[in-house]
Amino acid sequence: MPDLQHCIIVGGSHAGAQVAASLRQEGWEDGITMISTESVLPYHRPPLSKGFLHGGKSDDELLIRPADFYTKQGIEVRLNTRVTRVDPVSRMLSCDNGAQLAYSHLVLATGADVRRLSVPGSELPGVCYLRGRDDVMAIRRHLRPGGHAVIVGGGYIGLETAASLRKQGMEVTVLEAQSRVLQRVTAAQVSEFYTRVHREEGVEILLEASIARIAGGDAVEAVVLSDGRILPADLVVVGIGVLANVELARQMGLETDNGIRVDEHARTALDDVYAVGDCSLHYNPYYDTWVRLESVQNATDQARTAALAISGKPSSYKALPWFWSDQYDLKLQIAGLSSGYDQVVIRGDSRRGRGFSAFYLREGRLLAVDAVNRPKEFTFTKRFLAEGRSADPQRLADESVDFKACFS
Ligand code: FAD
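Everything in the sequence shown is counted per the working numbering, starting at 399 for the first residue and increasing by one.
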């Protein structure tokens, strides 16, 4: 084992950058190296499908921290580099450029990568994904006002991309394999709301749609559905979910089951090896369940937890998950985890207008909220969820009742 104190972070995105920054904040004075396959310093991913895609944000605005932050903090950043192998016994790792580095502490912040489409024609130019900055550049090359875009997948990424491309003047069709958009993550009322708004904005949404193949010559020209329909396409953006990057962890002999299993300090089963962010699977005490979350909140909060443990100040990770999605003039804010709900209460009118909240309950216990353009209801519910307060469904549904009076 090397006789040194050096923390190596694999992955340079939300989680990796936060581990590095928090280590310095917590007084870690030894070496920190962050290794990233990216060609640029850590940047915010959420704007990729929002402000950055429709042109309102610059490259610099995308950076999580200014470029000189890392040098000032003595954090070595190695870009364009993939860690290919880790030997947890000798505590040495190898990179694809031949470099070999020793560590005392290792943080896996390897995130997730897109699930790929496998129908014939999927490799044609113009079939794009949306995970990194380079993906946006590829989308922009095929973006033409008046042209046709087909979005595969009616999840958050797909719907945000649809809204951004519509803003850029494209004719947009969203293909969803299920019977409603956002099926995996929201109640039917929320799905219906988003379907209505997208249609009002001129987006075509096709449900229970499956793709047979993608047609084209030098570039994509059309998407052919299994029922024979042919949709002209200058651009196809695929948003069908992600898979956690767990190969390194698996190669190190760690347990990986939809994510790298970690404890409340973000520690893996190997001494001084941590995993944080989208690649990790952790136990959430609020919901008494193991979860792998894909959110900036989780990436940054869990990164702080790992940095505290590495700095010798362990503090258990207990955070209420929260998330957001921006589409058109809609700001959706989500607090809590809704899975397993048996009741949904709508406050406001989800069938008309553009603001309401959906509350998810199980056996009378409040689990989560989806608040659309209702920031106050989001903020209070997030607090009440963390405090374990209970909600009265009848009162919640009645807008004439003061919001805070719905909770006890
Ligand atoms: P990632 O961001 O996936 O970063 C992992 C990094 O590790 C990558 O740079 C990868 O290249 C690198 N890496 C992997 N393997 C290696 C290796 N072997 N060697 C070196 N480097 C490696 N979340 C929200 O909360 N709200 C939103 O509105 C929202 N919108 C989103 C919109 C888009 C378009 C996308 C793509 C994501 C969005 N998310 C949103 C999710 C959020 O961005 C992720 O949860 C977050 O990026 C997770 O951060 P991470 O650091 O764990 O992983």
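Think of the CB as a built atom: it goes at the ideal place given N, C-alpha and C, for glycine as much as any other residue.
Just so you know, these numbers come straight off a predicted model, no measurement behind them.
E692: beta carbon under 7 Å from a heavy atom of the ligand FAD? yes
| request: Using the Cα positions of W426 and T654, report the straight-line distance between them to the nearest angstrom. | output: 29 Å
What did DSSP end up calling Y468 once you bin it into helix, strand or coil? helix
**OP:** Put I638 into one of helix, strand or coil per three-state DSSP.
**Re:** coil
TODO: Specify the secondary structure class of A756 as computed by DSSP and reduced to three states.
DONE: strand
Check your understanding: Taking 7 Å as the line, does the beta carbon of R531 fall inside it for any heavy atom of the ligand FAD?
Key -> no
Report the option in F467, H503, R531 and R648 whose CA atom is closest to the CA atom of H442. R531
Three-state class that DSSP yields for L718 in the structure shown:
coil
Notebook entry, point to check: For F450, which three-state DSSP category applies?
Noted result: coil
- So, helix, strand or coil for N696, using DSSP? helix
What residues in its chain sit with their C-beta under 7 Å from that of D712, if we drop five residues either side in the sequence? One detail in the question is off: residue 712 reads as Pro in this sequence, not Asp. The answer, listed in chain order, is H663 and L706.
Practice prompt. State the CB to CB distance for the pair Q700 and S678, rounded to an integer number of angstroms; the pair is presumed to be in contact (CB under 8 Å).
Written response: 7 Å
Handout entry: the ligand FAD heavy atom lying under 7 Å from the CB of L446
Key = yes
query = So S798 is in the beta strand (DSSP E); what residue range does that whole segment cover?
reply = Element bounds for S798: n/a, residue is neither H nor E.
Worksheet item: Nearest-angstrom Cα distance between R633 and L522?
Response: Correcting the residue identity first, residue 633 is Leu in this sequence and not Arg. Those two C-alpha atoms are separated by around 10 Å.
task: May I ask you to list the residues that DSSP assigns as paired with Q498?
output: S492
* **Straight-line gap, A510 to G626 (C-alpha atoms, nearest Å)** => 34 Å
- Count the other CB atoms, across all protein chains shown, that sit within 10 Å of the CB of V694; report buried if there are 16 or more and exposed otherwise. buried
Leaving aside the five residues before and after I658 along the sequence, list all residues of the same chain whose C-beta is less than 7 Å from its C-beta, in chain order. L506, V644, A647, L652, T666, A673, C677, S678 and L679
| said: Just to confirm my understanding: we take R611, look at its own chain, exclude 5 residues before and 5 after, and list those with CB closer than 6 Å. What are they? | reply: V517, P518, G519 and V622
Enclosing beta strand (DSSP E) for H503 [first to last residue]
H503 to L506
*asked:* Within 8 Å of any Cβ in chain B, is that where the Cβ of L765 sits?
replied: Within the model displayed, chain B is absent; a lone protein chain is all it includes.
Measure the alpha-carbon distance for G556 versus V618 and round it to whole angstroms. 18 Å
Check: How many Å lie between V475 and L691 at the Cα?
Finding: 26 Å
Open item on the list: I want to check one thing, is the minimum distance from the CB of H680 to the heavy atoms of the ligand FAD below 7 Å?
Closed with: no
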